[in-house]
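Quick note: to get this note's numbering, add 815 to the position in the sequence shown (first position is 1). Each residue gets a CB set at the ideal place from its N, CA and C atoms; glycine is no exception.
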Amino acid sequence: MDELVVTDPSGGGSGGLIGGPGFTGTWIVFTREGNSFAPSPADLIAELLADNSGSDHLHIINELAGYSIVESYPVTAAGRISNGTDIGDAQALDGGTIQFSGGGSNDIAFATLGSGGALAGGGGDDILSGALQDDELSGGDRDDTVTSGGGDDLVDGGAGADVLLGGLGNGVFMGGAGDGDLFGGAGNDTLNGGEGHDFLFGGAGDDSFVFRSVFGNDIIFDLSVIDGDVIDLIAIEGLTSIGQLLLEEVDGNSILAGSGTATFIPLDLDQDGVADDDQSITVLGTTASELTIDAFNFAINTTPAVPTQVGTAGDDNIAGTNNDDVIHGGTGNDTIVGNLGDDHIIYSGGDDFIGRSNRGNDTLDLSAYAATDVTFSIAGHDVLIETPDGTIELEYQVRYELGNAQSNIKEIVFADGTLDAAGIQGRALADQGTVGDDFVTGSYQDDTIISGLGDDTIRSNSGDDLIVYEGGNDFVHR
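Listed below in structure tokens is the structure:
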């Protein structure tokens, strides 16, 4: 095999290339030890493979941060790289984001260079591997194996019986609809098994095991309350106290051979002493007496147990008091005004309007959803939030400067994190820019607007705005 090697004598600068025009071998080998390639791989491939017969390969040895990862991709006559299903331009090798999106076949995709990437497996039985930086990895349909890298990764198994493997960072792992095996890794991880019957392994770090309103009979293998692990039940509506958990200590052999003492936790939301449905959590190696209130996060931990204002399944008009209220609008199309006080507004579906007369530090509770389940946009002074169950309009959310007492919602709580007022504004701007032809509206504050690709129309409104152009024939007006 003829060899073309990239080296970096200093260990910290741009790599140098040994080789040049006239290379006639059928393989090219890059060993990346520095920060970037110089000249770019795209230029090299275009020059070195000008007469490519179609049999050449690009072989990459990545030795960043002690890792040794070897990858091989065919290189076409046009100097493009294929992983068997997806084709990427060679320019991606010089850093930035590597992004492959698989189709319906079985894909193998890697993101081991640059600053991380976005990998989507598609409809086959996929094997995805993350980079050393922050990645977004999505397995798609069927049975996938997804491995996190060294960064703070978002890993979504999708449908199917998936295996999600954690890395060095603080990862968020979403099991999806199938029966999954989730392994958290070394960081402070969040594990959400999803709808199937899942096995959850937190690993090292302070881990959160998140359960939403629909899940199966899940097993936690390594809960350690003393080390900071917690069972997060905030997203389950109606579950507000440890008294609604039917803690039953059983011999481990009746749950899983050889597991030792375990605690079986079915839910009892109506508190009639009987488990509600086919939903339970089994915690292996942990006795019922060890599962104190410190082992759980309930809605009760951050809000009063009983909402002070409760709506119906219809369309309600609800006004809070001048105290700290907990407002639950119900499933209809509701109009809610918190008034004074630090209010907690729980959304359960429908097209809700949250009025601007909120003077406290108010929280919108969307803990029934992950942050990626919803999209934000701006309409005039208002922010619109599209959820799977309806639209929420936050009146005057982006009219005032950040920190102004008259601004509407100060924090949004999701199943996997929170957004403060600045984060709400940021999502409302970022979610509008896509690869298509978009109409992007800025707020009345100082914005950074990234239009994305396509022929976009941008209305910046007031404020000192920075508009980032990424391509297309864009029209900007105030």
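| How many angstroms separate the CA atom of residue 941 from the CA atom of residue 1141? | If you number the sequence shown from 1, residue 941 lands on position 126. If you number the sequence shown from 1, residue 1141 lands on position 326. Straight-line spacing of the CA atoms in residue 941 and residue 1141 works out to 44 angstroms.
| field | Under the three-state DSSP convention, the category residue 1205 falls into | value | As a working mapping, residue 1205 is identified with position 390 in the sequence shown. The DSSP-derived three-state label of residue 1205 is strand.
| Secondary structure of residue 1094, DSSP reduced to three states | Residue mapping note: residue 1094 aligns to position 279 of the sequence shown, counting from 1. Reduced to three states, the DSSP call for residue 1094 is coil.
| task | Give the secondary structure of residue 1294 by DSSP, where H, G and I count as helix, E and B as strand, and everything else as coil. | result | Nothing about residue 1294 can be read from this structure; the chain reaches only from 816 to 1293.
| query | What do you reckon, are the CB atoms on residue 1048 and residue 1016 nearer than 8 angstroms? | reply | By one-based count along the sequence shown, residue 1048 stands at place 233. By one-based count along the sequence shown, residue 1016 stands at place 201. At least 8 angstroms separates the beta-carbon of residue 1048 from that of residue 1016.
| Identified DSSP bridge partners for residue 1048 | Along the sequence shown, read from residue 1 onward, the residue named residue 1048 stands at position 233. Per the DSSP secondary-structure output, residue 1048 pairs with nothing in a beta bridge.
| query | At a cut of 8 angstroms, does the region 991-1004 reach the region 960-976 through at least three beta carbon pairs? | reply | Counting C-beta pairs closer than 8 angstroms gives three or more between the region 991-1004 and the region 960-976, which meets the contact rule.
| request: Could you round the C-beta distance between residue 986 and residue 1023 to whole angstroms and report it? I think they count as a contact, below 8 angstroms. | output: By 1-based counting over the sequence shown, the position of residue 986 is 171. By 1-based counting over the sequence shown, the position of residue 1023 is 208. Taking the Cβ atoms as the reference, residue 986 lies roughly 11 angstroms from residue 1023, outside the contact range of under 8 angstroms.
| request: Consider the C-beta atom of residue 967 and the heavy atoms of the ligand ADP; say whether any pair is separated by less than 7 angstroms. | output: Among the components modelled here there is no ligand, and therefore nothing to report on the ligand ADP.
| field | Contact set for residue 761: own chain, Cβ-Cβ below 6 angstroms, skip 5 residues either direction | value | Any question about residue 761 goes unanswered here, given that the chain covers just 816 to 1293.
| message | Which same chain residues end up closer than 6 angstroms to residue 1153 when comparing Cβ atoms and leaving out the 5 residues on each side of it in sequence? | response | Numbered from its first residue, the sequence shown carries residue 1153 at position 338. A distance below 6 angstroms between beta-carbons, with the five flanking residues on each side excluded, links residue 1153 to the following residues of its chain, in chain order: 1135, 1173, 1177.
| request: Starting from residue 1244, trace the alpha helix (DSSP H) both ways and give me its first and last residue. | output: In the sequence shown, the residue the question calls residue 1244 occupies position 429. If you look at residue 1244, you'll find it in the alpha helix (DSSP H) that goes 1236-1245.
| Same chain, Cβ closer than 6 angstroms to residue 1168, neighbours up to 5 away in sequence not counted | Taking the first residue of the sequence shown as position 1, residue 1168 is located at position 353. If we look at residue 1168 and ignore the five residues flanking it on each side, its Cβ neighbours are 1150, 1208.
| field | Residue closest to residue 1229, alpha-carbon to alpha-carbon, out of 1187, 966, 1080, 967 | value | Residue mapping note: residue 1229 aligns to position 414 of the sequence shown, counting from 1. For residue 1229, the closest alpha carbon among the candidates 1187, 966, 1080, 967 is that of 1187.
| Straight-line Cα distance separating residue 1225 from residue 1189 | Position 374 of the sequence shown, counted from the first residue, corresponds to residue 1189. Position 410 of the sequence shown, counted from the first residue, corresponds to residue 1225. Going from the Cα of residue 1189 to the Cα of residue 1225 covers about 18 angstroms.
| Through-space distance from residue 1052 to residue 1183, alpha-carbon basis | In the sequence shown, counting from the first residue as 1, residue 1183 sits at position 368. In the sequence shown, counting from the first residue as 1, residue 1052 sits at position 237. Counting only the Cα atoms, residue 1052 lies some 8 angstroms from residue 1183.
| request: Please report how far the alpha carbon of residue 1238 lies from the alpha carbon of residue 1245, in whole angstroms. | output: Taking the sequence shown and counting its residues from 1, the one referred to as residue 1238 is at position 423. Taking the sequence shown and counting its residues from 1, the one referred to as residue 1245 is at position 430. Roughly 10 angstroms separates the two Cα atoms.
| field | Completely contained beta strand (DSSP E) runs for the region 947-1015, where each covers 3 or more residues | value | Inside the region 947-1015, DSSP marks whole beta strand (DSSP E) runs of 3 or more residues at positions 951-953, 960-962, 969-971, 978-980, 987-989, 996-998, 1005-1007, from first to last along the chain.
| DSSP on residue 1177, reduced to helix/strand/coil? | Counting from 1 along the sequence shown, the entry for residue 1177 is found at position 362. Strand.
| field | Three-state secondary structure assigned by DSSP to residue 1233 | value | Taking the first residue of the sequence shown as 1, we reach residue 1233 at position 418. Correct three-state label for residue 1233: strand.
| message | Helix, strand or coil for residue 1105? Go by DSSP, reduced to three states. | response | Sequence index remark: in the sequence shown, residue 1105 carries index 290 (1-based). If DSSP states are grouped into helix, strand and coil, residue 1105 belongs with the helices.
| In the DSSP assignment, what are the bridge partners of residue 1039? | Mapped onto the sequence shown, residue 1039 falls at position 224. Partner(s): none; residue 1039 has no beta bridge.
| message | Tell me which residue opens and which closes the beta strand (DSSP E) that residue 1065 is part of. | response | One-based indexing of the sequence shown puts residue 1065 at position 250. Residues 1063-1065.
| query | By Cβ distance below 8 angstroms, which residues in the same chain neighbour residue 1004 in space, the five residues on each side in sequence not counted? | reply | To locate residue 1004, count along the sequence shown from 1; it is residue 189. Correct list, in chain order: 981, 985, 986, 987, 988, 1017, 1018, 1020, 1022, 1023.
| Taking all protein chains shown into account, do 16 or more other C-beta atoms lie within 10 angstroms of the C-beta of residue 1216, making it buried, or fewer, making it exposed? | Numbered from its first residue, the sequence shown carries residue 1216 at position 401. Exposed, since its Cβ has fewer than 16 Cβ neighbours within 10 Å.
| Alpha carbon to alpha carbon, how far is residue 997 from residue 1010? | Taking the first residue of the sequence shown as position 1, residue 997 is located at position 182. Taking the first residue of the sequence shown as position 1, residue 1010 is located at position 195. Distance between the alpha carbons of residue 997 and residue 1010: 13 angstroms.
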